[in-house]
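Visitor: Residue numbers (the numbering used here): 48 to 267.
Quick one: the structure is below, questions incoming.
Here it is, written out as structure tokens:
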């Protein structure tokens, strides 16, 4: 019996796999919390859509790394924050165009993730969206000219381009969002006392300096 069943996606450097094993900033923080609390925690890496579905289907489930946005607020219990959320549109010069006068530039998106929803909310034309299964695919498409733009945070884009040997990351063109933060999103039926213990353990890691040490080491 697992105390926590955690689901995540490929989104380095926060969460990703190497040889089938989960790694990353958010993964390591979760593992530290589970170790401190004596919990047996299982981490499964899947597509974002499946990760959300699985977390909602397990009472002890959670999905990460999750943008805490108004449309998601009532869907989960929240533990965090892990880092501030600032999302940019990266890519070619055409990506700076006003959505109302969009030139037809192609935008790489992960269907229904927070950046995709930001783009929709701001009025970017849906016919310009080019779906991808994960962020790595979007980085490669952008580097090879198969899409012109993509929305993501600067840490992930910079890390992804360097780790995949794609050259320098593309410039930031438009800030899509600068509010909120990223969290662990817990199933609404997650035991409330365990949720409080989870938050307290994460806060303790931050207080001790372990939180920042994990960030710094993973971003080298």
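Cβ atoms here follow ideal geometry from the backbone N, Cα and C, with glycine treated the same way.
No experiment lies behind these values; they were computed from the predicted model shown.
Which runs of the beta strand (DSSP E) fall wholly inside the stretch 124 to 155 and span at least 3 residues, in chain order?
Guide: DSSP runs (the beta strand (DSSP E)) wholly in the stretch 124 to 155: 124 to 131, 134 to 138.
Visitor: Please identify the residue among 237, 133, 126, 259 whose C-alpha is closest to the C-alpha of residue 104.
Guide: 237
Visitor: For the alpha helix (DSSP H) holding residue 271, just list the boundary residues, first then last.
Guide: Not covered by the structure: residue 271. The range shown for the chain is 48 to 267.
Visitor: Is residue 211 helix, strand or coil when you go by DSSP?
Guide: coil
Visitor: Under 9 Å between the Cβ atoms of residue 149 and residue 172?
Guide: yes
Visitor: Does DSSP put residue 222 in a helix, in a strand, or in coil?
Guide: strand
Visitor: Suppose the cutoff is 7 Å on Cβ atoms and the five residues either side in sequence are ignored; what does the same chain contact list for residue 98 look like?
Guide: 54, 55, 56, 110
Visitor: In the DSSP assignment, what residue or residues form a beta bridge with residue 90?
Guide: 53
Visitor: Could you name the residues that DSSP lists as bridge partners for residue 58?
Guide: In DSSP, residue 58 forms a bridge with 62.
Visitor: Quick one: complete beta strand (DSSP E) runs, 3+ long, within the stretch 150 to 199?
Guide: 154 to 156, 176 to 178, 196 to 199
Visitor: Helix, strand or coil, according to DSSP, for residue 116 in the structure here?
Guide: The DSSP-derived three-state label of residue 116 is coil.
Visitor: Could you check the C-alpha separation between residue 247 and residue 193 for me, to the nearest Å?
Guide: 45 Å
Visitor: How far does the beta strand (DSSP E) with residue 121 in it reach, from first residue to last?
Guide: Neither: residue 121 is in no beta strand (DSSP E) and is coded neither H nor E.
Visitor: Given 8 Å as the limit, is there contact between the stretch 110 to 121 and the stretch 176 to 194, that is, 3 or more CB pairs closer than that?
Guide: no
Visitor: With a 10 Å radius around its C-beta and 16 neighbouring C-beta atoms as the bar for buried, classify residue 70 as buried or exposed.
Guide: buried
Visitor: Measuring CA to CA, which of 135, 175, 160 is closest to residue 154?
Guide: 175
Visitor: Determine the extent of the alpha helix (DSSP H) in which residue 249 is found, giving its start and end residues.
Guide: Run containing residue 249: 239 to 255, per the alpha helix (DSSP H) assignment.
Visitor: Under 8 Å by Cβ, that's how I've got residue 333 and residue 135 pegged, so tell me the actual separation to the nearest angstrom.
Guide: What is shown of the chain runs 48 to 267, which leaves residue 333 out entirely.
Visitor: Quick check: the Cα distance between residue 49 and residue 227, rounded to an integer number of angstroms?
Guide: 30 Å
Visitor: If I follow the unbroken alpha helix (DSSP H) through residue 100, where does it start and stop?
Guide: 95 to 104
Visitor: So residue 223 packs on residue 165, CB below 8 Å; how close in whole Å?
Guide: 4 Å
Visitor: Confirm, please, whether the CB-CB distance from residue 152 to residue 196 is below 9 Å.
Guide: Yes; because the gap between Cβ atoms is below 9 Å, this pair is in contact.
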